[in-house]
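Shown next, in structure tokens, is the structure this report addresses.
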Amino acid sequence: MKKISAGLASFGMSGMVFHAPFLTTNPGFHLKKIVERTPKGSQKIYPETEVVSRFEDLTTDQEIELIVINTPDHSHYNLAKEALLAGKHVIVEKPFTLTTREGEELMRLSSERDLVLTVYQNRRWDGDFLTIKKILEERLLGPLVEYEAHFDRFRNYIQPDTWKEDPEVGTGILYNLGSHMIDQSLVLFGMPEKLYANLRIIRENGRVNDYYDIHLYYDSLKVILKSSYLVREPGPRYILHGMNGSFVKHGIDPQEDVLKRGEKPVGDKWGMEEKRYWGILNTEINGKPVRKRIETLPGNYHFFYDNVYSAIREGKELSVNPQEALDVIRIIEAAVESNHAQEVISI
């Protein structure tokens, strides 16, 4: 297995939790360099990795083949472009870019240079989402008529000293959590015909949207995506209704919390969810009513990097291709337009 030498553009929460643990436990990768403009302790955790202070230290390193762009959202386009022009394969944290124009430019550059370009949409490998995909593939609910998903948090204060609370293009909950939820919906159902969005600032002294309610309209299906920073008592994460039955799921995939505790993503029980969070299926199978808990499939963030390795070394198809990531940005732009016009927007 010829390892891919990688560089990590930042060691904030994203680098610490979602990227470095997989780059250092996956046998296909070698994490060669981490950029730290201010010391954050990566050297202590990964003593074999070189700590550098400039992004240029990644692009000029001839041994590095892959660069992970996990810097603030507004920098994704410029840094990804710089990496592609330097001949590097690129992983961009979600959101892909802030505009579709920027995303199209990156796609053109990667295609011209025959480089892998993908976006880190790890929530495709949440256990609950994998379970929902399986339920829909097996048509356990019959034809689906309504899909509702929530990604709520409780943070009733304005986090100090972070770009995420500054009212610039690309900040706010829509680009942050919305990128995940929209991507999941597009994976399941494809692009909608129409869209309506309500974006709000609900926290005192807030300056960026911290609430959204997005409705995606399909021929015979309505998709509802909701997120709020003022949900202290969480309800169901997913609610699905079909012609034959319903599926309701509480709780959130455990992988992020485990990674935040500093545990390595290894072991047979990785990604497994406690039984108390398993969803309830209430439906009809072969003409008989069925109501039971459905065991949540294990989450598997490993798959993303396994796939990136296969794409770079073996030329296999990307699981998250940049066109899919660009479609997420198209939906976000349409949501902003719909909110401004206070009307349904055709896609």
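Numbering (the numbering used here), first residue to last: 19 to 365. C-beta: ideal position from N, C-alpha, C; glycine also.
State the start and end residues of the unbroken alpha helix (DSSP H) segment that holds R348.
P340 to A359
Taking only three categories from DSSP, how would you classify T301?
strand
Going by beta carbon distance, what residues of the same chain come within less than 6 angstroms of S364, once the five residues before and after it are set aside?
K212
Length of the line joining the Cα atoms of D231 and L243:
6 angstroms
Contacting residues, own chain, Cβ-Cβ under 8 angstroms from N227 (five flanking each side not counted):
G190, I191, L192, L217, R218 and I219
From T77 to D91, what does the alpha carbon distance come to, in whole angstroms?
19 angstroms
Going residue by residue through the stretch 25–105, where are the continuous alpha helix (DSSP H) segments of at least 4 residues, counting only ones entirely within it?
38–43, 60–63, 74–77 and 94–103
Please classify H198 as buried or exposed, where buried requires at least 16 neighbouring CB atoms within 10 angstroms.
Note on H198: 16 or more other CB atoms within 10 angstroms of its CB, so buried under the neighbour-count rule.
Are the CB atoms of Y256 and I150 within a distance shorter than 8 angstroms?
yes
Cutting at 7 angstroms between CB atoms, please list the residues of its own chain near Q273, excluding the five before and the five after it.
G289, G317 and Y319
Endpoints, alpha helix (DSSP H) assigned at I191
I191 to F207
Return the chain-ordered list of same chain residues with a C-beta closer than 6 angstroms to the C-beta of A24, the five sequence neighbours on each side being excluded.
Close CB contacts of A24 within its chain, under the 6 angstroms cut and outside five residues either way in sequence, are with L41, F47, L49 and L84 (chain order).
Who are the near neighbours of Q177 in its chain, counting only those whose CB is closer than 7 angstroms to its CB and skipping five residues on each side?
If we look at Q177 and ignore the five residues flanking it on each side, its Cβ neighbours are E183.
Report back the beta-carbon spacing between V137 and V110 to the nearest angstrom; my notes put them in contact at under 8 angstroms.
5 angstroms
Considering just the uninterrupted stretch of the alpha helix (DSSP H) at V326, what are its terminal residues?
H320 to E332
Tell me where the alpha helix (DSSP H) around V226 begins and ends.
That residue, V226, is in no alpha helix (DSSP H); it is neither H nor E in DSSP.
Compare the Cα-Cα distances from V362 to each of L234, L299 and I330 and report the closest residue.
L234
Other residues of its chain near K58: CB distance less than 8 angstroms, five sequence neighbours each side excluded:
F29, G30 and M34
Taking DSSP as the reference, what is the three-state secondary structure of K278?
helix
Where Q202 falls, given that 16 or more other Cβ within 10 Å makes a residue buried
buried
Here's the rule I'm using: 16 or more other beta-carbon atoms within 10 Å means buried, otherwise exposed. How should D345 be labelled?
buried
Would you call S129 buried or exposed, if buried means 16 or more other Cβ atoms sit within 10 Å of its Cβ?
Taking a 10 Å sphere around the C-beta of S129, we find fewer than 16 other C-beta atoms and assign the residue as exposed.
Less than 6 angstroms between C-beta atoms, sequence neighbours within five positions excluded: which residues of the same chain meet that for Y214?
Excluding positions up to five away in sequence, the list reads H233, S356 and V362.
Minimum C-alpha distance to D132 - residue among R221, A104, K20 and K267
A104
Residues that DSSP places opposite L369 in a beta bridge
Nothing can be reported for residue 369, as the shown portion of the chain is limited to 19 through 365.
To the nearest angstrom, report how far apart H94 and M261 are at their CA atoms.
42 angstroms
Delimiting residues of the alpha helix (DSSP H) encompassing F367:
For residue 367 there is no data in the structure shown, the boundaries of the chain being 19 and 365.
Let me know the secondary structure DSSP gives T118 once reduced to three states.
helix
What residue range does the beta strand (DSSP E) around S264 cover?
Looking at the DSSP string, the run of the beta strand (DSSP E) that includes S264 is S264 to K267.
C-alpha gap between V108 and L248, whole angstroms
35 angstroms
When the Cα atoms are used, what is the spatial distance from E123 to I200?
22 angstroms
Does K293 come out as helix, strand or coil in the three-state DSSP assignment?
helix
Smallest Cα separation from E74: which of T67, A352, K99 and Q139?
It is K99 whose Cα lies nearest to the Cα of E74.
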